[in-house]
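> Sequential numbering from 5 applies to the sequence shown in my numbering. Don't be surprised by glycine CBs; every beta carbon is placed ideally from N, CA and C. Predicted model only: the values in this text are computed from it and were never measured.
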Amino acid sequence: EGTEYLVFTHDHVDHIIIDEFDGNLENGMEIAITAGNSGFILFDQNGKRRAQSLMGHAQGLCAGRYRPDLPGKQFLVGCLWGNTGTRSLFSGNGEKLWTIEPDVTGAYDKKLRWAAGRDVFLVNSSVSAAGLYDGYGRRIIPFPEASELSAIDRTFWAQDFTGNGLDDFVIQGEDALFIYTQGDAI
């Protein structure tokens with residue numbers, strides 16, 4: 005109930021994540037979706053809409069502990085058009101915390117566990133924006149090598165390569181492979 009407008013407006017769900025997000029175990033899990041022009045929507049575990057943000061064509065979605073000072077997890081949502089390239093961070097309750105626009109291309113970012121109890125996100129959509137960003141929307145680590153990789157060639161993934169329980173990440177291009185890790189991991 006309450007999602008009928010998605011059908012009638014021809015919107016759709018691009019990403020869905022079901023988990024405990026707000027930090028309150030007593031009210032059950034939450035369901036987060038990006039739904040095109042219907043934006044970002046957060047439901048309770050029974051499907052009742054808790055929050056919605058009409059922010060443009062919401063496309064990318066990843067949840068993590070971007071802000072350890074807040075309860076639960078937060079949602080990073082990226083827009084494909086109608087605010088192209090914007091990224092917004094929402095609390096586990098669905099409250100918008102901030103919006104940034106590091107570039108004007110699609111926003112399909114990747115969450116990484118970069119420090120114990122704290123996640124960051126990887127922006128790799130353009131050379132000018134490439135880097136790791138923190139839970140306040142600040143680029144904390146730029147990629148000097150980003151200019152060597154074309155947007156078409158870039159592939160990236162995260163995994164714990166060093167065995168320290170944190171994510172390292174690899175960016176693969178046509179003629180280059182870059183592996184990034186924490187400074188004390190090697």
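1. Compare the Cα-Cα distances from Gly197 to each of Met33, Leu80 and Glu24 and report the closest residue.
2. Does DSSP classify Ile40 as helix, strand or coil?
3. Quick one: what's got a C-beta closer than 6 Å to Thr249's C-beta in the same chain, skipping five residues either side?
4. Pull up the DSSP beta-bridge partners for Ala49, would you.
5. Any chance you could list the beta strand (DSSP E) runs of at least 3 consecutive residues sitting entirely within the stretch 61-112, in chain order?
6. Whose C-alpha, out of Ala162, Leu126, Gln163 and Ile45, is nearest the C-alpha of Ile145?
7. Specify whether the stretch 68-79 and the stretch 47-55 touch according to this definition: at least 3 beta carbon pairs, one from each stretch, less than 8 Å apart.
8. Apply the 10 Å Cβ neighbour rule to Pro72 and answer buried if 16 or more other Cβ atoms are within range, or exposed otherwise.
9. Can you tell me whether Gly187 is helix, strand or coil according to DSSP?
10. Could you give the DSSP three-state label for Glu178: helix, strand or coil?
11. Can you tell me the Cβ-Cβ gap for His19 and Ile45, rounded? I've got them flagged as a contact below 8 Å.
12. Are the CB atoms of Leu65 and Gly86 nearer to each other than 9 Å?
13. What three-state label does DSSP hand Glu30 in the structure shown?
14. What is the DSSP secondary structure of Ala119, counted as helix, strand or coil?
15. Between Asp113 and Gly187, what straight-line distance do the alpha-carbon atoms span, to the nearest angstrom?
16. Do you know how far the Cα of Asn31 is from the Cα of Glu178?
17. By the DSSP assignment, the beta strand (DSSP E) with Tyr140 in it spans what residues?
Looking at the atomic coordinates:
1. The chain is shown only over 5 to 190; residue 197 falls outside these bounds and no answer can be derived.
2. Here residue 40 turns out to be Gly, not Ile, going by the sequence shown. The answer is strand: DSSP assigns Gly40 an E or B state.
3. Here the chain covers residues 5 to 190 and nothing more, so residue 249 does not appear.
4. In the sequence under discussion, the amino acid at residue 49 is Gln, which differs from the Ala named in the question. BP columns for Gln49 are empty, so no partner.
5. 62-68, 78-83, 91-94 and 100-104
6. Leu126
7. Between the stretch 68-79 and the stretch 47-55 there are fewer than three inter-stretch CB-CB distances shorter than 8 Å, so the stretches are not counted as touching.
8. exposed
9. In the three-state reduction of the DSSP assignment, Gly187 falls in the helix class, which pools H, G and I.
10. If DSSP states are grouped into helix, strand and coil, Glu178 belongs with coil.
11. At roughly 11 Å, the Cβ-Cβ gap does not stay under 8 Å, so His19 and Ile45 are not in contact.
12. no
13. helix
14. strand
15. 22 Å
16. Here the alpha carbons of Asn31 and Glu178 stand approximately 48 Å from one another.
17. Run containing Tyr140: none; DSSP gives neither H nor E here.
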